[in-house]
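Notes for the one structure printed next.
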Amino acid sequence: MFPKGRFVGVFAVMAGLVAMVGPAKASLCYARDYDTAHLVKHVDQRVTRITVRLLADNGSGIGVGLWFRGDKRQWWAGGGCRQQGAVFTCTLDGDGGKLTATQNAKGIRLDVPAAGMQVEHPDAQGNASFQAVDGPEHRVFLLWPAPEAACEPQN
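All the letters of the sequence shown, read from the start, carry residue numbers 338 to 492 under my numbering.
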């Protein structure tokens with residue numbers, strides 16, 4: 338049994354450590370809607386809207402929502418990430434590919450390698466359609482903080 342003073346001291350140190358760590362953040366949401374002026378300048382860019390949800394904890398993960406020209410449906414990719422400071426190195430599920438998300442003062446920069454990434458959209462029967470997101474217009478996406486609701490799955 339601890340002497341009363343020592344127990345209180347240990348308890349105070351533990352409480353201080355918990356306060357330093359703080360509550361775990363469930364997720365961080367970032368989004369960008371590309372306006373007509375941007376899309377006119379970037380005719381090969383098919384993405385009209387993008388959302389990214391990062392799980393910023395030791396079990397880091399990512400969810401990416403994409404909308405394309407002429408298609409009102411949300412396409413999706415998700416996977417696991419390794420977080421080192423502000424950098425999330427992510428591997429998407431299945432054959433989705435890899436990407437890197439880097440947090441900065443304004444939001445995040447999402448870097449997609451030359452091989453691109455693959456997103457999917459399930460139909461009413463649960464069968465998935467797949468679409469590749471590749472090419473020079475789809476290598477870098479700059480996104481800004483958004484309300485959590487913006488990153489919720491849609492359709």
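Every residue gets a Cβ at the ideal spot worked out from N, C-alpha and C, and that includes glycine.
Assigned secondary structure, residue i (DSSP; H/G/I helix, E/B strand, else coil)
i       : result
Ala-457 : Note that residue 457 is Glu in the sequence shown, not Ala. The answer is strand: DSSP assigns Glu-457 an E or B state.
Ala-487 : helix
Ala-423 : coil
Val-449 : coil
Val-377 : helix
Local Cβ density within 10 Å of residue i, reported as buried at 16 or more and exposed below that
i       : result
His-375 : exposed
Phe-467 : exposed
Gly-402 : buried
Spatially closest choice to residue i from the options, by CA coordinates
i       : options                            : result
Thr-385 : Ala-451, Leu-391, Gly-398, Tyr-371 : Tyr-371
Gly-453 : Gly-433, Phe-425, Phe-467          : Gly-433
Ser-383 : Arg-406, Gln-440, Arg-390          : The question names Ser, yet the displayed sequence has Arg at residue 383. It is Arg-406 whose Cα lies nearest to the Cα of Arg-383.
Gly-422 : Ala-438, Trp-481, Pro-490, Ile-399 : Ala-438
Leu-391 : Asp-381, Phe-425, Asp-408          : Phe-425
Val-456 : Gly-415, Arg-476, His-379          : Gly-415
Cys-427 : Lys-409, Gly-463, Ser-397          : Ser-397
Ala-442 : Ala-469, Pro-482, Val-377          : Pro-482
Ala-465 : His-379, Val-477, Trp-413, Thr-373 : Trp-413
Val-477 : Thr-373, Ala-451, Asp-408          : Ala-451
His-475 : Gln-462, Ala-461, His-379          : His-379
Cβ shell of residue i (< 6 Å), same chain only, five flanking positions each side left out
i       : result
Thr-388 : Ala-368, Gly-402, Ala-487, Cys-488
Glu-485 : Cys-366
Gln-420 : Ser-397
Under 9 Å between C-beta atoms of residue i and residue j
i       : j       : result
Thr-449 : Asp-430 : For clarity, residue 449 is Val in the given sequence; the question names Thr instead. No, the Cβ-Cβ distance between Val-449 and Asp-430 is not below 9 Å.
Ile-399 : Cys-418 : yes
Leu-479 : Leu-436 : no
Beta-carbon contacts of residue i that lie in its chain and below 8 Å, excluding the five residues immediately before and after
i       : result
Pro-473 : Asp-381
Gln-411 : Gly-402, Leu-403, Trp-404, His-458, Pro-490, Gln-491, Asn-492
Contacting residues, own chain, Cβ-Cβ under 7 Å from residue i (five flanking each side not counted)
i       : result
Ala-469 : Gly-453, Gln-455
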